[in-house]
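Visitor: Numbering (the working numbering), first residue to last: 24 to 1005.
Glycine included, C-beta positions come from ideal geometry on N, C-alpha and C.
Keep in mind that this is a model prediction, so the values were computed, not measured.
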RNA sequence: GGGCCUGUAGCUCAGCUGGUUAGAGCGCACCCCUGAUAAGGGUGAGGUCACAGGUUCGAAUCCUGUCAGGCCCA
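1) When you compare the CB positions of residue 362 and residue 311, do they come within less than 7 Å of one another, or not?
2) What number of angstroms, rounded off, separates the C-alpha of residue 629 from the C-alpha of residue 553?
3) Assign residue 309 to one of two classes, buried (16 or more other C-beta atoms within 10 Å of its C-beta) or exposed (fewer than that).
4) Could you give the distance in angstroms between the alpha-carbon of residue 1005 and the alpha-carbon of residue 999?
5) With a CB to CB cut of under 7 Å and the five nearest residues on each side skipped, what residues in its chain are close to residue 940?
6) DSSP state of residue 758, grouped into three classes?
7) Taking Cβ positions, are residue 538 and residue 614 nearer each other than 7 Å?
8) Quick one: what does DSSP say residue 493 is sitting in, helix, strand or coil?
9) What are the start and end residues of each continuous alpha helix (DSSP H) run of 4 or more residues lying completely inside the segment 219–270, in chain order?
10) Beta-carbon within less than 8 Å of residue 761's beta-carbon, same chain only, minus the 5 sequence neighbours each way: which residues are those?
11) Whole angstroms is fine: what's the gap from residue 651's alpha carbon to residue 658's?
12) From the DSSP secondary-structure annotation, give me the bridge partner or partners of residue 1005.
13) Got a sec, what are the start and stop residues for the beta strand (DSSP E) residue 1019 sits in?
14) Identify the continuous alpha helix (DSSP H) that holds residue 386 and give its terminal residues.
15) Mark residue 36 as exposed unless 16 or more other C-beta atoms lie within 10 angstroms of its C-beta, in which case mark it buried.
16) Which residue's Cα is closest to the Cα of residue 732: 718, 707, 85 and 784?
17) Of the choices 499, 410 and 282, whose alpha-carbon is the least far from that of residue 483?
18) How should residue 295 be labelled, buried or exposed, when 16 other C-beta atoms within 10 angstroms of its C-beta is the threshold for buried?
19) Using the three-state DSSP reduction, which class does residue 331 fall into: helix, strand or coil?
20) Write down the C-beta distance between residue 390 and residue 231 rounded to the nearest angstrom, noting that I regard them as a contact closer than 8 Å.
21) Along the chain, where does the alpha helix (DSSP H) that runs through residue 302 open and close?
22) If you draw a straight line from the C-alpha of residue 5 to the C-alpha of residue 403, how long is it?
23) So, for residue 944: in the same chain, excluding its five sequence neighbours on each side, which residues have a beta-carbon less than 7 Å away from its beta-carbon?
24) Look at residue 1020 and residue 924 and say whether their C-beta atoms are less than 7 Å apart.
25) Which of the three DSSP states is assigned to residue 547 in this structure?
26) For residue 551 and residue 558, I'd like the C-alpha separation in whole angstroms.
27) Got a sec? Which residues, its chain only, sit under 7 Å from residue 209 by beta carbon, not counting five neighbours each side?
28) Give a yes or no on contact between the segment 85–99 and the segment 782–798, applying the rule of three or more CB pairs nearer than 8 Å.
29) Just reading off the beta strand (DSSP E) that residue 437 is part of, what are its end residues?
30) Please state whether the Cβ-Cβ distance between residue 199 and residue 187 is less than 7 Å.
31) Would you give the residue range spanned by the alpha helix (DSSP H) that residue 526 belongs to?
32) Just tell me which of 375, 399, 376 and 373 has its CA closest to the CA of residue 385.
33) What number of angstroms, rounded off, separates the C-alpha of residue 827 from the C-alpha of residue 951?
34) Pick helix, strand or coil for residue 480, following the three-state DSSP scheme.
35) Curious, which full-length alpha helix (DSSP H) runs of at least 4 residues does the segment 599–654 contain?
36) Between which two residues does the beta strand (DSSP E) harbouring residue 152 extend?
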């Protein structure tokens, strides 16, 4: 008590210090303050202003063409959207800060089943659907389309607000939407190019088919219910017994004198009428077995199960062979003498087919040993796998079933007109009678049903539109697949590089692209059919529709008469004999991937008259290798001959902290809006910038907290610099070096006037290195590297080293001393440079700081560019000084650990300097750098001196050897006495 | 089942074409400062590089397999 009373009598110097002062708060309050930034930018038309000025000659930074992939206009954005949009924003902002022109036109994918499905459900629940059933088809489709459009618009609005809240700098006032007329027209124009190239064709394909509604269904329209069916094991007699025995290596005496059978299994006996092949797994082991006197072939692994189930009494394995050995063996169809002749089948069923390929054993990898016999009955017209196998094996896509579920006239007469459901029993019965049935039983299983009618669905081949990937395009010597593979191999850059492998693998194995869907909510495929079923779809007719869609929108397809739809068509290339009188429109719409896959044309070529093509960068999740990337590449190559993108960048998927996928049902998701509300967009963005996005991205609520702490560290460093610039204005002209500045004169020091030995020159040099490294990292899309550099610079170079060292002169020097002004000048430049670098990741905070730096001037950091190198002359020995600092700190820590000296200002350091490299520096600078009162050079080892016996300056707390009692009664060092004026 | 990818300190990640005691940040522990203070600084302890084989004088790094996870197919 008495001591403090004594101290009170002494002069207090605290108010004579230049202590930090700033309006830039320590607490960011992002959640409250970010919206104000957004409002300010929006009021200042930031996006438009940037677009305009960067396009001009003042910013000759070049042009970077980025193209946003359209998210689906459905629901709120999730963590994946947040990652995707923010990464895009980092790219765009870093290009803009480099002085480049870089537009970010956001888009939305509007058409498609998920919306239509949801709308149909809502209509169904509200009872409106029943009313629609009474309408004529076109009117009904239009009613659904109107609802879908409203639905899409609603979620575009929702998502837009959410994306803007993430502070992404994009043209949200002018987005591209795949459902607007100009976009639709441009997509159809791409289609016209492909038609002209001859890569568009029509063919049957097996799809889910609702008999009740006579319509094709997508996977999402199926619901699975239990259903009782017949499971049948059927013997298909071999056509050539000798060939089968050869395959099993049986010769002479060893050969049975009976004809063996291939035993297949199916739960849809009605499809046997359309059977064209038997699939085996080439690597599985098969046996020739004698089962109750009959010789039959089936998989070894299923022999016991099947025969036991059927209650066979005598089972004997005669021989074994790999599936591979059975390939190409022939069999006799149990219900018909010959396969349907290709000539009698519709053209669309036989495009890939070759005569005489039916009733063979063929290979398929999907054959399993779970159920059945290991020999899979294959009917290309009635199964998904069967279809693919059929196309590959050049089988016709034979489909003897009408839309109403009855057999047509190509099956044995007794079945014609029969419903397939009735046929199940009848066929089974007939096979039993004819001796082909090995075994049958009824069983319950999960079976797909129409979600609306709850009726069971079947697979049925229907006519679809395709884009061929293997036929050569007209006027070219290569196919789309070949073009795409060569673009993938050479022209396109992939980030990360393995994207190339992934794309190649997918291209190599992909089948022809089925681009048609049988839905309402989409872009119609502009095909017309006459009464005979003849098709009108030519380059010119398609272009005519494209023009019309641009004028009227694709709704016209459902509201206008065919003749009016074709008003821009001159009929020059119409197919011969096409009957215009009976012409009607087709009901197919495009696969939505064709629409989004044409955005390079509908958005990018459209807006720039071709200048912005090909595009510099596509950036999406790694699932888009198969999606948007590939399905943009194919149409673009077909239409323009070049890949639409120069670089493809992919990011991984968000997973939970244990690496498991995130899903609502698992309850391990994080809500974007909640995160933004809790942490603010800048903190979320900081986290996103610091992750390595190439692979899976683990995310957890805690990670955002950690990011918040890192954010605060950076923020505090900036705040500390700002707080030491309160009395500083960087006004020209620069002061004369060495001469003290007075307010009113310029306070800024010109770079060339920096003393090379000053710590300020050193820190500016460090900034230059960091600045160019960060810019390089941004350029390489390495945001993690960039934020790491920035973080370390703020914490290490600045907070721990430089700012700690210059505190003394900032606080204690006379307010206008040359040394202090030099440091302030440096602080100003550092803050300026750092805020510009941070503007990419922390748009709000960087702008807040940039404005605080300029004391309320109405500026915007986002209109600026990165600073160039400061280039202050710097003594090359500074790295040695930093080494010396490390050595000093270590020595101080050792002393402190022994409990000898706690406060470094009570210490001096004796530092060896054998090469004399430290001697060039000011001793006070070195002392400040090491945080001690005094540094002397020389000696053999680093030595800590206890200065507690010397007087301590009551103002600066240093014991620098100049401290003595002054006229005011205080103990002050020379410098402090001067500053106080005593 | 197939293609592509991932698996390094408690956590998030660096570790180039194989070469001395495997690095960083966070967290943690201990300490300092109290004129950046719901701040700042220092020191330190943490790793059988998923597992099992193999190639090599030598492997976190190359090869094979296993396990776990992700995306896309089937």
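Guide: By the coordinates alone:
1) Taking the first chain and counting its residues from 1, one reaches residue 362 at position 339. Taking the first chain and counting its residues from 1, one reaches residue 311 at position 288. Cβ atoms of residue 362 and residue 311: not closer than 7 Å.
2) Against the first chain, residue 629 aligns to sequence position 606. Against the first chain, residue 553 aligns to sequence position 530. Spanning the two alpha carbons is a distance of roughly 34 Å.
3) In the first chain, the residue the question calls residue 309 occupies position 286. With 16 or more Cβ atoms within 10 Å of its Cβ, residue 309 is classed as buried.
4) Looking up residue 1005 in the first chain gives position 982. Looking up residue 999 in the first chain gives position 976. The alpha-carbon atoms of residue 1005 and residue 999 are separated by roughly 9 Å.
5) For the purposes of this step, residue 940 is identified with residue 917 of the first chain, where counting begins at 1. Excluding sequence positions up to five before and after residue 940, its CB lies within less than 7 Å of the CB of 900 and 903, all in the same chain and listed in chain order.
6) For the purposes of this step, residue 758 is identified with residue 735 of the first chain, where counting begins at 1. Confidence is the limiting factor: at residue 758 the pLDDT is only 45, short of 50, which leaves the residue's position unreliable, though a coordinate-based value still follows. In the structure shown, residue 758 sits in coil (DSSP, three-state: anything other than H, G, I, E or B).
7) Here residue 538 corresponds to residue number 515 of the first chain, with the count starting at 1. Here residue 614 corresponds to residue number 591 of the first chain, with the count starting at 1. It is a contact, given that the beta carbons lie within the stated cut-off.
8) If you number the first chain from 1, residue 493 lands on position 470. Of the three classes helix, strand and coil, the one that applies to residue 493 here is coil, per DSSP.
9) Fully enclosed alpha helix (DSSP H) runs of 4 or longer: 264–270.
10) Here residue 761 refers to the residue found at position 738 of the first chain. Because residue 761 sits at a pLDDT of 48, beneath the cut-off of 50, its placement in the model cannot be relied upon, and the point is left open.
11) As a position in the first chain, residue 651 is number 628, starting the count at 1. As a position in the first chain, residue 658 is number 635, starting the count at 1. So the two alpha carbons sit approximately 11 Å from each other.
12) Position 982 of the first chain, counting from 1, holds the residue named residue 1005. Looking at the DSSP assignment, residue 1005 forms no beta bridge with any residue, so it has no partner.
13) Nothing about residue 1019 can be reported from this structure: the residues present for the chain run from 24 to 1005 only.
14) Looking up residue 386 in the first chain gives position 363. From DSSP, residue 386 is part of no alpha helix (DSSP H) but of the beta strand (DSSP E) over 383–386.
15) One-based indexing of the first chain puts residue 36 at position 13. Residue 36 comes out buried.
16) Walking along the first chain from the start, residue 732 turns up at place 709. Out of 718, 707, 85 and 784, 707 has the C-alpha closest to the C-alpha of residue 732.
17) Position 460 of the first chain, counting from 1, holds the residue named residue 483. Nearest C-alpha to residue 483: 410.
18) On the first chain, residue 295 is found 272 positions in, with the first residue counted as 1. Around the beta-carbon of residue 295, 16 or more other beta-carbon atoms lie within 10 Å, marking it buried.
19) By one-based count along the first chain, residue 331 stands at place 308. Three-state DSSP puts residue 331 in a helix.
20) Residue numbering aside, residue 390 sits at position 367 when the first chain is read from its first letter. Residue numbering aside, residue 231 sits at position 208 when the first chain is read from its first letter. About 22 Å separates the two Cβ atoms, so there is no contact after all.
21) What you label residue 302 is simply residue 279 of the first chain in a count that begins at 1. No alpha helix (DSSP H) holds residue 302; the beta strand (DSSP E) holding it covers 300–303.
22) Any question about residue 5 goes unanswered here, given that the chain covers just 24 to 1005.
23) As a working note, residue 944 is residue 921 in the first chain. Excluding sequence neighbours, residue 944 sits near 780 and 904.
24) The displayed coordinates of the chain run from 24 to 1005. Any statement about residue 1020 would go beyond what the structure contains.
25) Within the first chain, numbered from 1, the residue matching residue 547 stands at position 524. Note: residue 547 maps to strand in three-state DSSP.
26) Looking up residue 551 in the first chain gives position 528. Looking up residue 558 in the first chain gives position 535. Whole-angstrom Cα-Cα distance: 6 Å.
27) For this step, residue 209 is matched to residue 186 along the first chain. The beta carbon of residue 209 is closer than 7 Å to those of 621, 624, 625 and 629 in its chain, skipping five residues each way along the sequence.
28) These segments do not touch.
29) Walking along the first chain from the start, residue 437 turns up at place 414. It is not in any beta strand (DSSP E) - residue 437 carries neither H nor E in the DSSP assignment.
30) If you number the first chain from 1, residue 199 lands on position 176. If you number the first chain from 1, residue 187 lands on position 164. Judged by their CB atoms, residue 199 and residue 187 are not nearer to each other than the 7 Å cut-off.
31) Stepping through the first chain from its first residue, residue 526 is reached at position 503. Note, residue 526: alpha helix (DSSP H), 522–532.
32) Locating residue 385 in the first chain gives position 362, counting from the first residue. Closest option to residue 385, Cα to Cα, is 399.
33) Counted from its first residue, the first chain places residue 827 at position 804. Counted from its first residue, the first chain places residue 951 at position 928. Those two C-alpha atoms are separated by around 8 Å.
34) Numbered from 1 along the first chain, position 457 holds the residue referred to as residue 480. In the three-state scheme derived from DSSP, where H, G and I count as helix and E and B as strand, residue 480 is classed as coil.
35) 615–619, all fully within the segment 599–654.
36) Along the first chain, read from residue 1 onward, the residue named residue 152 stands at position 129. Counting along the chain, no beta strand (DSSP E) covers residue 152; the unbroken alpha helix (DSSP H) around it starts and ends at 151–155.
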